[in-house]
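Only one structure is covered here, and it is reproduced in the block below.
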Ligand code: AP5
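In my numbering, the protein residues as written are 1 to 215.
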């Protein structure tokens with residue numbers, strides 16, 4: 001199963017990716033998490049990406065495309081993968097189409113998780129993340145067992161630098177201008193499943209599974 005998760009920042013892509021990863025036993029490729037790993041290791045790529053991420057802008061296409069090209073041919077992607085946060089621009093989608101064609105592994109579905117901007121701003125204000133494993137929590141909707149500590153790897157949780165309200169608004173602008181057009185791109189391929197992303201995590205997961213034909 002090869003899936004793309006589309007949706008605004010904070011729409012719940014990472015949260016649904018976690019559920020799908022367990023369901024299909026395939027990896028999630030989150031370009032945002034890959035960049036955050038590079039930032040925490042202070043690599044050259046991390047330093048370059050941070051300049052854009054902190055301002056709520058997209059990292060230049062060429063950097064992202066190279067990274068994904070190398071990642072999708074790794075062995076753990078043989079049985080499928082879930083793309084979380086890539087592609088995000090038309091040039092990225094066209095490059096991804098070409099990469100998949102070359103390895104003869106087409107996308108099965110594009111899951112578009114729809115959440116209104118006002119709800120997104122509220123969600124981001126309550127989010128904390130694990131800087132080590134990338135797990136995401138929320139003070140109201142997904143509370144960790146021990147306050148401030150990751151359930152998966154016991155690391156101290158932090159707030160993402162780009163979750164400040166002004167940066168979230170900028171990210172939403174960028175989403176509407178550059179990422180939303182991807183829905184038409186994939187609708188032309190007959191691959192889009194539109195999911196209402198408002199409701200509890202469990203309700204949204206149930207809608208995603210139903211759309212994918214899973215009981
Ligand atoms: P990235 O890390 O991809 O961030 P994003 O797309 O902005 O997505 P988020 O991780 O913020 O949100 P999400 O949809 O995964 O929601 P989540 O499940 O966490 O990218 C960050 C930056 O990296 C970009 O701005 C860009 O600079 C750069 N970048 C990355 N990829 C790039 C690319 N391809 N090209 C160029 N630049 C790139 O949920 C959010 C919160 O809500 C959580 O607290 C969660 O617990 C909670 N929640 C989830 N579902 C629900 C629900 N149903 N009800 C209530 N709360 C919920």
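Beta carbons: idealized from backbone N, C-alpha and C, even for Gly.
For residue i, which residues from the same chain have a beta carbon less than 7 angstroms from its beta carbon, with the 5 sequence-adjacent residues on both sides left out?
| i | result |
| --- | --- |
| residue 131 | 40, 155 and 158 |
| residue 52 | 58 and 59 |
| residue 186 | 110 and 192 |
| residue 79 | 26 |
| residue 163 | 124 and 127 |
| residue 105 | 2 |
| residue 92 | 61, 64, 65 and 86 |
| residue 175 | 8 and 9 |
Using a Cβ-Cβ cutoff of less than 6 angstroms, which residues in the same chain neighbour residue i once the five nearest sequence positions on both sides are dropped?
| i | result |
| --- | --- |
| residue 109 | 3, 191 and 193 |
| residue 170 | 56 |
| residue 38 | 45 and 46 |
| residue 135 | 150 and 152 |
| residue 178 | 89 |
| residue 123 | 10 |
| residue 50 | 39 |
| residue 180 | none |
| residue 160 | 129 |
Any heavy atom of the ligand AP5 closer than 7 angstroms to the Cβ of residue i?
| i | result |
| --- | --- |
| residue 92 | yes |
| residue 104 | no |
| residue 171 | yes |
| residue 190 | no |
| residue 216 | This structure gives no information on residue 216, because the portion of the chain shown stretches from 1 to 215. |
| residue 87 | yes |
| residue 30 | yes |
| residue 210 | no |
| residue 181 | no |
| residue 95 | no |
| residue 9 | yes |
| residue 186 | no |
| residue 33 | yes |
| residue 201 | yes |
| residue 24 | no |
| residue 217 | Given a span of 1 to 215 for the chain in the structure shown, any question on residue 217 remains unanswerable. |
Which residues mark the beginning and the end of the beta strand (DSSP E) in which residue i is found?
| i | result |
| --- | --- |
| residue 4 | 2 to 7 |
| residue 112 | 109 to 114 |
| residue 137 | 136 to 138 |
| residue 196 | 192 to 196 |
Quick one: give me the first and last residue of the alpha helix (DSSP H) that residue i is part of.
| i | result |
| --- | --- |
| residue 71 | 61 to 71 |
| residue 88 | Segment: none, residue 88 is in no alpha helix (DSSP H) and carries neither H nor E. |
| residue 40 | 31 to 40 |
| residue 207 | 201 to 211 |
| residue 15 | 13 to 24 |
| residue 123 | 117 to 125 |
| residue 186 | 181 to 187 |
| residue 148 | Segment: none, residue 148 is in no alpha helix (DSSP H) and carries neither H nor E. |
| residue 46 | 44 to 53 |
Tell me, to the nearest whole angstrom, how far the beta carbon of residue i is from that of residue j; I am working on the premise that it is less than 8 angstroms.
| i | j | result |
| --- | --- | --- |
| residue 6 | residue 182 | 6 angstroms |
| residue 115 | residue 8 | 6 angstroms |
| residue 26 | residue 86 | Actually they are not in contact, since the Cβ atoms of residue 26 and residue 86 sit about 15 angstroms apart, beyond 8 angstroms. |
| residue 113 | residue 197 | 4 angstroms |
| residue 137 | residue 128 | 5 angstroms |
| residue 23 | residue 214 | 7 angstroms |
| residue 34 | residue 67 | 6 angstroms |
| residue 165 | residue 121 | 6 angstroms |
With a threshold of 8 angstroms on Cβ separation, who are the neighbours of residue i within its own chain once the five nearest residues in sequence on each side are excluded?
| i | result |
| --- | --- |
| residue 21 | 27, 28 and 82 |
| residue 48 | 59 and 63 |
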